[in-house]
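Reviewing the structure listed below.
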Amino acid sequence: MMSKAFVNGRIFTAWEELADADSFLTEDGTIQWIGRREEMPAFGGEVVDLGGRRVIPGLIDAHMHPVILADCAQKVSCLPPLVSSIEELIVELRKKAEEKSAGEWIQGWGYDEEKFREHRAPNRWDLDKASTEHPIELLRSCSHVRAVNSKALELAGITRDTPDPVGGEIERDENGEPTGILLENARHLVGEILPAKSDEQRVQELTNLGKQLSSQGIVAVMDMGNLESEDFYDCYQRAAQSGMQQEIGLFYIWDLIRKNKSFRWNKRRADPEQQIHMSGIKLIADGSIGGRTAWMYQPYKDSTDEYGISVCTDEEIDSAMAFCKENGCQLSFHAMGMRTIDRVLDRVGDEKPWIKGMPHIRIEHTTDPSENAIRVAASNGIAFCTQSIFLYSEIESYLNNLGLDWIKRIYPIQHILDSGVKTALSTDAPATSWAVPSDPFPNIKCAVTRYAYDGTDCGRENCISIETALALYTREAAQIAGFRRLGQLRPGYKASFAVLSEDILQVPADRIDQVRVVETYINGNCVYHR
Numbered sequence: 001m002m003s004k005a006f007v008n009g010r011i012f013t014a015w016e017e018l019a020d021a022d023s024f025l026t027e028d029g030t031i032q033w034i035g036r037r038e039e040m041p042a043f044g045g046e047v048v049d050l051g052g053r054r055v056i057p058g059l060i061d062a063h064m065h066p067v068i069l070a071d072c073a074q075k076v077s078c079l080p081p082l083v084s085s086i087e088e089l090i091v092e093l094r095k096k097a098e099e100k101s102a103g104e105w106i107q108g109w110g111y112d113e114e115k116f117r118e119h120r121a122p123n124r125w126d127l128d129k130a131s132t133e134h135p136i137e138l139l140r141s142c143s144h145v146r147a148v149n150s151k152a153l154e155l156a157g158i159t160r161d162t163p164d165p166v167g168g169e170i171e172r173d174e175n176g177e178p179t180g181i182l183l184e185n186a187r188h189l190v191g192e193i194l195p196a197k198s199d200e201q202r203v204q205e206l207t208n209l210g211k212q213l214s215s216q217g218i219v220a221v222m223d224m225g226n227l228e229s230e231d232f233y234d235c236y237q238r239a240a241q242s243g244m245q246q247e248i249g250l251f252y253i254w255d256l257i258r259k260n261k262s263f264r265w266n267k268r269r270a271d272p273e274q275q276i277h278m279s280g281i282k283l284i285a286d287g288s289i290g291g292r293t294a295w296m297y298q299p300y301k302d303s304t305d306e307y308g309i310s311v312c313t314d315e316e317i318d319s320a321m322a323f324c325k326e327n328g329c330q331l332s333f334h335a336m337g338m339r340t341i342d343r344v345l346d347r348v349g350d351e352k353p354w355i356k357g358m359p360h361i362r363i364e365h366t367t368d369p370s371e372n373a374i375r376v377a378a379s380n381g382i383a384f385c386t387q388s389i390f391l392y393s394e395i396e397s398y399l400n401n402l403g404l405d406w407i408k409r410i411y412p413i414q415h416i417l418d419s420g421v422k423t424a425l426s427t428d429a430p431a432t433s434w435a436v437p438s439d440p441f442p443n444i445k446c447a448v449t450r451y452a453y454d455g456t457d458c459g460r461e462n463c464i465s466i467e468t469a470l471a472l473y474t475r476e477a478a479q480i481a482g483f484r485r486l487g488q489l490r491p492g493y494k495a496s497f498a499v500l501s502e503d504i505l506q507v508p509a510d511r512i513d514q515v516r517v518v519e520t521y522i523n524g525n526c527v528y529h530r
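One point on numbering: in this note's numbering, the residue at position 270 of the sequence shown is 270, and numbering is uninterrupted.
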């Protein structure tokens, strides 16, 4: 049996009974004891000196999209500093076209029109300047909008006569011609014809992503669904065999997965004690702030009739809930706008919990919750999973679409916590406008300071403490996502933790994003050393 003593650290445990410690003992990757070194039981195994550094529980990203994030590494980045204008984007796409055979797809990710000098999205005619022989597809940073060129529209059969799909919009110019901008469910019209990757490619991409996550102190993530109806469980299993160390819980997009006739819920695969496991079903109920598609009661800035888009039907909500009850799994809703959050909770809020050990219902993003929605969630054990990184990185779009007064009211994390709602912090990577979207530290920095990256004050009455932010990224994330024996450093829990370059509890708040991970341990084994 492998025994180790980790000593001489400054340990934030996230365990409410013991706030900090300096040493702990492990056996076979499990913590047996934690406390002060002078009180440590007799020990004869290996001793690891932590060098006086700050130690935190391994971080848990309770809402991200690893398959999409891993895929993005192979595509053209549409973000600064590489791309700061549509003109520069065209140059990068032309370079990619030179590497491709005729007719091959060119794909990009992460564009945010407000970060372009032109302050608009690239349309089909812009993208045609890069190539008319290659179909081009760009995924907006929020993942709710696609921009495509004329060749891609042709291959998807989208013309001026194509009707908008339910819950989506084909943007059109003043003459009724599609512009190449496909919002919400309309984006699937192109998504369904994109070239499929081989399982081997997926496995290698996920294996590489695991190394990046380890370098960020991330020991577990929830895959909150993909833009395809495919089940990637087997790819994750193979990635784990190839060296991916993180625990992964998988959610499935109901609108897509129900179309896959071969999909079945597998109770053996849903065992949360496994490294890779099925977790739940997710519905997309509205869009994004950046795309002006999150469904609101009040119109977006400088508009009298733009309220966003309600994406899912009552039948989809009811059928997804019935599926989750039957199979004993979690039900999740993407809901950003106040009107959407209210609508979802009006329909499911009073349902009695059908699972134990984690919330039966999760609301993702929860950008602009009403007071009633917060009360309903608190009273019925419904969890929120939110992302302050959106405020931090997408401030241009938020200012343009909401205005500063509205911005100061959204993502009211401290108020939500004070109201008794169980809450987690996460990144939604890669669905945000940041060069390294899974990096936890800018996200934590914004939650603590409520300043965007450009210095905009986003409402400091909802700042949370650094200790709270870390708890939301560790203990609370584990409990909401259902990861067993993770998120705290305490006896009986896994020895999965991160060693930091600086003491994140002591550095000035405006330097939190400069903190780096020095080492990451998963189940007592060092999986990353800086």
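Beta carbons are placed, not taken as given, at the ideal position from N, Cα and C, and that holds for glycine.
Boundaries of the alpha helix (DSSP H) in which residue i is found, first to last residue
i: L417; result: 413-418
i: I466; result: 466-473
i: L256; result: 254-257
i: C385; result: Not the alpha helix (DSSP H): C385 falls in the beta strand (DSSP E), residues 383-386.
i: E364; result: Where E364 is concerned, there is no enclosing alpha helix (DSSP H), although the beta strand (DSSP E) it sits in stretches over 361-365.
Which of helix, strand or coil DSSP assigns to residue i
i: Q204; result: helix
i: D199; result: helix
i: T449; result: helix
i: H134; result: coil
i: P57; result: strand
i: Q517; result: The sequence shown places Val at residue 517, rather than the Gln named in the question. If DSSP states are grouped into helix, strand and coil, V517 belongs with the strands.
i: H188; result: helix
i: Y528; result: strand
i: K494; result: strand
i: T162; result: coil
i: S397; result: helix
i: I181; result: strand
i: L139; result: strand
For residue j and residue i, the rounded distance between their alpha carbons
i: G157; j: P178; result: 11 angstroms
i: I413; j: E118; result: 33 angstroms
i: R490; j: A471; result: 14 angstroms
i: E114; j: K301; result: 14 angstroms
i: H365; j: A42; result: 47 angstroms
i: G459; j: Q298; result: 20 angstroms
i: T293; j: I309; result: 5 angstroms
i: V518; j: E371; result: 41 angstroms
i: P369; j: S85; result: 34 angstroms
i: F263; j: L127; result: 36 angstroms
i: G167; j: V311; result: 4 angstroms
i: I68; j: I31; result: 34 angstroms
i: L194; j: V448; result: 40 angstroms
i: A495; j: P135; result: 48 angstroms
i: K96; j: G243; result: 30 angstroms
i: Y307; j: D457; result: 25 angstroms
i: Y493; j: M296; result: 42 angstroms
i: S214; j: R54; result: 17 angstroms
i: V83; j: V527; result: 33 angstroms
Other residues of its chain near residue i: CB distance less than 8 angstroms, five sequence neighbours each side excluded
i: E351; result: M321, H360, I361, N380
i: V7; result: D22, S23, R37, M40, V47, V48, D49, L50
Contacts around residue i, its chain only, beta-carbon distance under 6 angstroms, and the 5 residues preceding and following it disregarded
i: Y111; result: C78, L138, R140
i: F333; result: L283, A285, V344, I363
i: W109; result: C72, K75, L139
i: A431; result: C142, S143
i: A383; result: P359, R362, K422, I480
i: H529; result: E519
i: C324; result: I281, L331
i: R160; result: G176, E177
i: E171; result: T179, I181
Bounding residues of the beta strand (DSSP E) (the contiguous stretch that carries residue i)
i: R146; result: 145-148
i: L79; result: Premise fails: L79 is in no beta strand (DSSP E) and is neither H nor E.
i: R10; result: 10-15
i: L18; result: 18-21
i: F497; result: 497-500
i: Y111; result: 106-111
i: T432; result: Here T432 belongs to no beta strand (DSSP E), and DSSP marks it neither H nor E.
i: M40; result: Unbroken run through M40: none, as it is neither H nor E.
i: K75; result: No beta strand (DSSP E) contains K75, which DSSP labels as neither H nor E.
CB contact below 8 angstroms: residue i versus chain B
i: V47; result: The structure shown has no chain B; it contains just one protein chain.
Residues near residue i in its chain [Cβ-Cβ closer than 7 angstroms; skip 5 each side]
i: R484; result: P272, E273
i: G357; result: G482
Using 8 angstroms as the threshold, is the segment 425-432 in touch with the segment 57-77, meaning 3 or more CB pairs across them?
yes
Touch test, the segment 395-404 against the segment 443-459, Cβ-Cβ under 8 angstroms, three pairs minimum
Touching, yes, given that three or more Cβ pairs across the two stretches are closer than 8 angstroms.
Please confirm if the segment 273-287 is in contact with the segment 122-131, defined as three or more CB-CB distances below 8 angstroms between the two stretches.
no
Counting Cβ pairs, one atom from each stretch, are 3 or more of them under 8 angstroms apart for the segment 204-220 and the segment 504-522?
yes
Below 8 angstroms, how does it come out for the segment 247-266 and the segment 399-407: are there three or more Cβ pairs, yes or no?
Three or more beta-carbon pairs separated by less than 8 angstroms are not found between the segment 247-266 and the segment 399-407, which leaves the two stretches without contact.
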